[in-house]
Structures are given as structure tokens and as C-alpha cells.
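Visitor: Got a structure for you, written out below as C-alpha cells; questions coming shortly.
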Amino acid sequence: MREAENGGLCVALQEDLSSSQKTHFMLPKLTCPSPVYPKGESHNGLLSALDHASIRRGYQVYKQVCAACHSMEYLAFHNLVGVSHTEEEVKGLAEEIEVVDGPDESGEMFTRQGKLSDYFPKPYSNPGAARAANNGALPPDLSYIVNARHGGEDCVFAADRLL
């Protein structure tokens, strides 16, 4: 009985959010799809580990699709070393961005190439600019999205398969 009530609440909330005039895009489902792992693969067992190729693909999806609107402001490039990329690869990724740094000896700000200790760049300069570009909606930061979703990395894994 309780699950039916909660399911109805989720559907009603989803319909209410979808019909809102503030959003111009389709909102994602509030419930997490169940992950379907390839046969013999799982990361939840005692001797299991994360699939590094999958993590690398996830970063590539973020970089090419999600980074246009979503930030990962709490993650630095060095967080990728040994997880999804080698140190040399991450240095190359970091050098692709320009970072405003300073002040220098004359008190002026300057730009430089990114380095491992730099955080991922934000797509917008401030929350107001993000809301203006997204019809009033503030895109959530994806740094800790796994912790924010019921089911954690299983939810992100399953959502990745839907793309």
C-alpha cells in the first residue's frame, strides 16, 4: 500500500513538474531504472572493482554532452588520474582549458594553461547566468550526483545506458 502511495506521488509530482511553464525541456524520471549489467559483470561483490573503461566513457559523455550546462566544481583534474586516465592523459586534458589566475607582480589577473590541480571549469560565470540560459532552472552540479541518487552508481550506470 505504501509503495503504491509513493508511486502515485512520484507520478503526480512528475506531471506537475513537466507541465510547469519554467521548464522548456523534458524532465528526467524521478525513479531510477534498474541497471542491467553484462553477464558476469558487477561491482558490488567482495572481490569486484569499478569498470575503468565505463568510468572513462562516463567522463567522455560528461565532457561532450553534460558540461555544456552542468558543472563538476568540486572535482579537480587530478581526480581522474589512475581511475579513468593516466597522468599524461589528464595533463593533456587540463592543458586544453585556460584558467584565470593571479594576480601577478603588477597586480593584474592573467590566463594560463590548466594543470592537474585545477578544478573542472564551470559552464556559467554565476548561478544567475545559468538560470538565464536555462529558462529559470539551475542545472545541478554533478560532482556528487552518485551520492544524491537512490541506488548510487547503479542509477548513474543505468541512466548512461539510456542515452
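By our numbering, the letter at position 116 of the sequence shown is numbered 272, and the numbering carries on one by one without gaps.
All residues carry an ideal CB built from backbone N, CA and C; glycine is no exception.
1. Can you tell me the Cβ-Cβ gap for Asp297 and His226, rounded? I've got them flagged as a contact below 8 Å.
2. Considering only C-alpha positions, which residue in the set Gly238, Glu244, Ser299 is nearest to Pro277?
3. Could you tell me the alpha carbon to alpha carbon distance between Asn291 and Ala223, rounded to whole angstroms?
4. Excluding sequence positions up to five away, which residues of its chain have a Cβ less than 8 Å from the Cβ of His208?
5. Residues in the same chain with beta-carbon distance under 7 Å from Pro259, minus the five sequence neighbours each way, listed in chain order, please.
6. Have a look at Glu279 and Thr267 and give me their C-alpha separation to the nearest angstrom.
7. Measuring alpha carbon to alpha carbon, tell me which residue in Gly284, Asp257, Glu261 is nearest Lys271.
8. Looking at Ala304: is its Cβ nearer than 8 Å to the Cβ of Ser273?
9. For chain C, is any of its Cβ atoms less than 8 Å away from the one on Tyr230?
10. Between which two residues does the alpha helix (DSSP H) holding Val239 run?
11. With Val246 and His234 assumed to form a contact (beta carbons below 8 Å), what rounded beta-carbon distance in angstroms separates them?
Guide: Result, derived from the coordinates:
1. 7 Å
2. Ser299
3. 17 Å
4. Val239, Ser240
5. Met265
6. It should be noted that the sequence gives Pro, not Glu, for residue 279. Distance between the alpha carbons of Pro279 and Thr267 is about 17 Å.
7. Asp257
8. no
9. Protein chains in the displayed structure number just one, and chain C is not present.
10. From DSSP, Val239 is part of no alpha helix (DSSP H); its letter is neither H nor E.
11. 7 Å
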